[in-house]
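Written below as structure tokens is the structure these notes are about.
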Amino acid sequence: MSNHAGSYMLNDILQMLEREQVFALLGREKTQRLVLDIIKRAQDNDCNYGEILDNGVAERLGICRYCLNAGQSFQYGLCDECRKKEIDWWRKHCLDSLCRWHPRAGAKVRTAVNNCTDLPALKAVESHAAEWSLQDILRRLTGR
Ligand SMILES: [Zn+2]
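The opening residue of the sequence shown carries number 256 in the numbering used here; numbering runs sequentially from there.
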């Protein structure tokens, strides 16, 4: 089990500090060091750093939400290397697989939650990620 409540509380606090421009005062490098220290402490309390860095915090602070690499180029909260891995994963696992609801009909997966788009109730039950097509995701990740 992961401490989701604690992780999102820390995410809120980081966003408060951003709003009050505390990180602007500290500068990027000190901010990254501080946030990585906070994350290290939070992990001892079973927190999840992907959630701590959620809501755009990863991208704005320049800390990868997958590998905690603090550095150069970021998009969607991921460093270049993790973005490449993510793209490869989507290509490998999703693009050619069959819809989990219509496997016998041979419907191909079209969304982030392994569904084709022929399921009307889908939007009501799944997260917003369900609405993204795989092509959208790849476009977002590749920046094209
Ligand atoms: Zn990374």
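For every residue, glycine included, the Cβ atom is placed at its ideal position computed from N, Cα and C. It should be emphasised that the depicted structure is a prediction, and the values quoted were computed from it without experimental measurement.
List the DSSP bridge partners of Cys371.
Beta-bridge partners assigned by DSSP to Cys371: none are found.
DSSP on Leu389, reduced to helix/strand/coil?
For Leu389, the secondary structure class from DSSP, reduced to helix, strand or coil, is helix.
Would you list the residues whose beta-carbon is nearer than 7 Å to any heavy atom of ligand 1, in the order they occur in the chain?
My final list is Cys319, Tyr321, Cys322, Asn324, Leu333, Cys334, Glu336, Cys337.
Residues that DSSP places opposite Cys334 in a beta bridge
DSSP output for Cys334 lists Phe329 as bridge partner(s).
What are the partner residues of Lys295, as DSSP defines its beta bridges?
DSSP output for Lys295 lists no bridge partner at all.
Excluding sequence positions up to five away, which residues of its chain have a Cβ less than 7 Å from the Cβ of Leu393?
The answer, listed in chain order, is Ile342, Trp345.
Assign Ala376 to one of two classes, buried (16 or more other C-beta atoms within 10 Å of its C-beta) or exposed (fewer than that).
Only weak support is given to the placement of Ala376: the predicted model assigns it a pLDDT of 49, under 50, and the value that follows is read from those uncertain coordinates. Its Cβ having fewer than 16 others within 10 Å, Ala376 is exposed.
Determine the direct distance from the alpha carbon of Gln270 to that of Asp301, and round the result to whole angstroms.
Spanning the two alpha carbons is a distance of roughly 20 Å.
Just to confirm my understanding: we take Ser388, look at its own chain, exclude 5 residues before and 5 after, and list those with CB closer than 7 Å. What are they?
Cβ neighbours of Ser388 beyond the five flanking positions: Arg365, Thr366.
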